[in-house]
Amino acid sequence: MTAPVPAALEAAAPPRPQRKRGSGPLLLGIGLTMLAIMLVVTIFAPWIVPYDPSATTAASLEGPSAAHWLGTDIIGRDVLSRLIMGGRTTLLITAVSVTIALAGGLLLGLVSGYIGGAVDETIMRLLDVIFAFPVFLLAIAVVAALGPTIPNLILTVAIVYIPSMARVVRGPVLSVKSWDHVEAARSIGVSEWRLVTRHILPIVISPVVVQTSLTLANTIFTVTALSFLGLGPPPPDPNWGGMLSESRQFMELAPLTVLAPAVVIVFATLTFIVIANGLREVLDVGSRR
Amino acid sequence: MGRIIFVRCLWALAILFGVSFVAFVLMRALPGDFAEAAAAGLQLDPEVLKQMRVDLGIEKPILEQYVFWLGNALRGDFGNSFSTKAPVLQELWPRFLVTLQLTIMAAGIAMLIGVTTGLLSARVKGAADWIVRVINGLSLAIPNFVVATLIVLCAGLYFPQIQVFGYTPFLENPVANLQSLFLPGLSLALTVSVVISENTRAAVLEVSNQDFVMVARAKGLKPPTVLLNYLVRNALTPVITVTGLQVANLLGGSIVIETIFAIPGMGSYMFDSIVGRDYPVIQAIVLVAAGVVVFVNMLVDIAYARADARVKM
Amino acid sequence: MSENTPLLSVKNLTATLATRFETVEAVRGISFDIAKGESLGFVGESGCGKSVTARAVMRLAAEGTAVALGGAVMFKGRDLLKISDQDILDVRGRQIAMVFQDPMSSLNPVMTVGSQLDDILRRHLNLTKKQARVRTLELLNAVGIPNAASRVDDHPHQFSGGQRQRIMIAIAISCDPELLIADEPTTALDVTVQAQILRLLMKLRDERGMSLMLITHDFGVVAGMVERVNVMYRGEIVETGAVDDIFANPQHAYTQSLLAAVPRLERAGELAS
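So the protein sequences, as listed, match chains B, R and H.
If you count by the working numbering, then the first sequence holds residues 1 to 289, one letter each, in order.
If you count by the working numbering, then the second sequence holds residues 1001 to 1313, one letter each, in order.
If you count by the working numbering, then the third sequence holds residues 2001 to 2273, one letter each, in order.
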């Protein structure tokens, strides 16, 4: 219905609207900075730690001092050193297990969404069964059974987060595959592999990136919670959840031994949540407007 | 409508069946069993362990054990606990009620916080929106067991007169009962409230853009009427859905929270029996937990189908 | 108020829309009058500011946008842009009412159509529940909903698009407004239904002596409905005059191109003669 506009009227057009910038890049910047700090400390941990994290170097439950910035725990180990080395374990488990969950979820989601039909039904119904378990219960059961070692923790957490990742991938694949550009590519004989990798994957990648970031936060939560319950990496190696749990008995005597791991755990999860929120706005994913 | 409910019920039963089978096989397929867990490092005679397994019936093929268990379970008999020898249901029921109350309380607190903050950040633009989003980001980043630990720490340091640990049954003293569950409920609710808050915000913004809200304002209706009858009533469906889907998280979280606050619920019972490989107890707990999750999801689905039928032609 | 004061007199109206990301000057200083009982058409392509103008008269803005209004909207001697937030609520739906473009999304899906009529009646006319319901049934009958009594408690999804627009019209005329604004009232409807809805609007306007502000992109729609028409382009009125004159002798280049886009130009010629 819109009529061609006579040239003379173009001159009267209002100036082009100016775009204001959203908060996405700022959030992303903050998150990535936090991540960088964490990575540097973690990677260079052995050279940074002031003391051997497993060795008794001072009296029990000492307050903060120049020698021990965050004080010492019940058997006189340096809290700061234990936090730094504990982060190493926690972040290692997190990174590896999320990578596995991402690969597994991507594969399942793509296969399920792209092939559809009976395959899709079967995969999704199986995931439904896994979803009916409280995730955390599943993790406890598996770790308790296999024994709390680092490889077992990695495996468990990966299994636990594959279903949600698969669902996030499947939804968009299901709708994208019937979009015009995919139909068009198929009609001119583009191969299935190329279709999936070049035409479908790029479109579902945004929600997956956001979900990965959220899963990282969730994984830190799960790993620390398991260690909190005594199902973390075996002692004497430090880990955040275990430190929090051990110090609870003495927290009125030495609040810092509880506060320090609490703050560090929150810092780690917050990092990935901030990144996820930043990504969500930058990539324009989800229901936020 | 009736068809949808029927199909959903069948589906729920199928899932429970699947869950019970997976849990049954998984527990037994993993290395170790009750006999070993009970021996716990003691050098017992292998013959004794073997006799123990025969007594418990866990030396038979897994499938045979499952069929036997299923037959009894369908008649309402979930067997006896390996460790206490008492009927599982008799031990589980009172603990389940405690956890159920804690979960409902947490869901209630989460709804209250979530809907309020979500509504606030969607309706009041600018600073309020930002404050809510920062608080939400922080709440999401603090795991429930950290919240619980910090609450206990604060109470210990600054409010020693408050009783934070333990649990008072409702029938004994209703006020003390609610008091004893408030802090645990709050610790559990915080993360979930963020999910609710963000979904409320999104739903309200979504509905705000609908034509009928503009129509309501063009009718000259008072702002509270527009807010309640037009905005909130339409935004509530997705919010309730999301809350329902969080029940699994609440149940999972209750394990740690009950440990921290020394509440005699299903969570601590579950943890002990998993570590001790008490198969009948684990089996029953998994089934109950999955049953609650499946049941709530089913209600959510049906509610959603009804709402959808009203919106779509 | 003297006899020849117009019912609505808009003077130098401007509307600046600020969304989260941008600001747009949607209406750039337009003026027009609508006399009591008169019908005035606004024609222009989508985005030309005609809907913003219609909403500005009721001081309404889309959610999520801040609209800065300038100029004056004189309605029965009061400047609607200057009265309090409370007072404008009493004008909306009572003295000025609006029929919206898309009947499929204009009704609240979770309320029965009856209660969506009841609430405006009770808000403005101080009726009891029972009285409101009686009036609701009269209105539904008046707009031609068959079996109104049995359908009053149905939800919107149980009605067809044409019926929903009839219900929207019932809501708009429920409190006997003096000015009815119809913003593209037939655009979302089937062609056969369009004619029925336009006839209904004309009938109700004539019966109740309402003034009508009809907004459309379609010259075919204004042709039979209004006497005078304003042609809008990019936030300004570029041409104004009697419908017949504009059809016969469009002055502005934009009007000419709009008219060229109307498929039934011969019929327009007949009307002009």
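For each residue, glycine too, the CB sits at the ideal point set by N, CA and C.
Given the structure is predicted, the values throughout are model-derived calculations rather than measurements.
Close partners of residue 2060 of chain H in chain R (Cβ separation under 8 Å): 1214, 1217 and 1218. By the CB criterion at 8 Å, residue 2181 of chain H and residue 2189 of chain H fall outside the cutoff. For residue 1184 of chain R, no CB of chain B lies under 8 Å from its own CB, so it is not counted at the interface with that chain. Non-local C-beta neighbours of residue 2121 of chain H in its own chain, meaning closer than 6 Å and more than five positions away in sequence, comprise 2127, 2132, 2135 and 2174, ordered along the chain.
If you draw a straight line from the Cα of residue 2199 of chain H to the Cα of residue 2154 of chain H, it is about 25 Å long.
As a beta-bridge residue in DSSP terms, residue 2025 of chain H pairs with H/2016.
Interface annotation for the region 2098–2128 of chain H against chain R: 2098, 2100, 2102, 2105, 2106, 2107, 2108, 2109, 2110, 2111, 2119, 2120, 2123 and 2124, criterion Cβ-Cβ distance under 7 Å.
Going by DSSP, residue 266 of chain B is part of the alpha helix (DSSP H) stretching over 255–283.
The C-alpha of residue 2140 of chain H is placed about 16 Å away from the C-alpha of residue 2129 of chain H.
Residue 2252 of chain H is not a Cβ neighbour of residue 2043 of chain H, given a cutoff of 8 Å. For the set H/2123, H/2142 and H/2168, the Cα lying nearest the Cα of residue 2183 of chain H is the one of H/2168. In the three-state DSSP reduction, residue 44 of chain B falls in the coil class, being neither helix nor strand. The three-state reading of DSSP puts residue 2236 of chain H in strand, counting E and B together.
Interface residue (Cβ-Cβ distance to chain H less than 8 Å): residue 1241 of chain R is not classified as such. Cβ contact annotation for residue 162 of chain B (same chain, cutoff 6 Å, sequence separation greater than five): 101, 104 and 105, in chain order. In the DSSP annotation of this structure, the continuous segment of the beta strand (DSSP E) that includes residue 2212 of chain H starts and ends at 2211–2216. Within the same chain, and ignoring the five residues on either side of residue 2242 of chain H in sequence, the residues whose Cβ sits closer than 7 Å to its Cβ are 2227 and 2228. Closer than 8 Å to the CB of residue 269 of chain B there is at least one CB belonging to chain R. With a 10 Å radius around the Cβ and a threshold of 16 neighbouring Cβ atoms, residue 1082 of chain R comes out buried. The straight-line gap separating the alpha-carbon atoms of residue 110 of chain B and residue 166 of chain B is approximately 8 Å. For residue 1142 of chain R, the closest C-alpha among the options B/280, B/277, B/261 and B/141 is that of B/261. Runs of the alpha helix (DSSP H) lying entirely within the region 143–183 of chain B and spanning at least 4 residues, in chain order: 150–176. The continuous stretches of beta strand (DSSP E) do not include residue 74 of chain B, and DSSP gives it neither H nor E. For residue 2079 of chain H, the three-state secondary structure derived from DSSP is strand. Of all residues in the region 1059–1089 of chain R, none has a C-beta nearer than 7 Å to a C-beta of chain H. Take the alpha-carbon of residue 99 of chain B and the one of residue 2047 of chain H: they are about 48 Å apart.
By a beta-carbon distance limit of 8 Å, residue 156 of chain B contacts residue 142 of chain B. Their separation comes to about 4 Å. Taking 4 residues as the minimum length, the alpha helix (DSSP H) runs contained wholly in the region 2038–2067 of chain H are 2050–2057, in order along the chain.
Unbroken alpha helix (DSSP H) runs of no fewer than 4 residues, entirely contained in the region 1234–1263 of chain R, are found at 1247–1261, following chain order. A direct Cα-Cα distance of roughly 19 Å separates residue 267 of chain B from residue 1192 of chain R. Around the beta carbon of residue 1219 of chain R, 16 or more other beta carbons lie within 10 angstroms, which makes this residue buried. For residue 1210 of chain R, the neighbours in chain H by C-beta distance under 7 Å run, in chain order, 2105. Between residue 87 of chain B and residue 41 of chain B, the CB-CB gap stays under 8 Å. With three or more CB-CB distances shorter than 8 Å, the region 1159–1168 of chain R counts as touching the region 1178–1186 of chain R. Under DSSP, residue 233 of chain B takes part in no beta bridge, so it has no partner. Between residue 2031 of chain H and residue 2212 of chain H, the beta carbon gap of about 19 Å keeps them out of contact (Cβ cut-off 8 Å).
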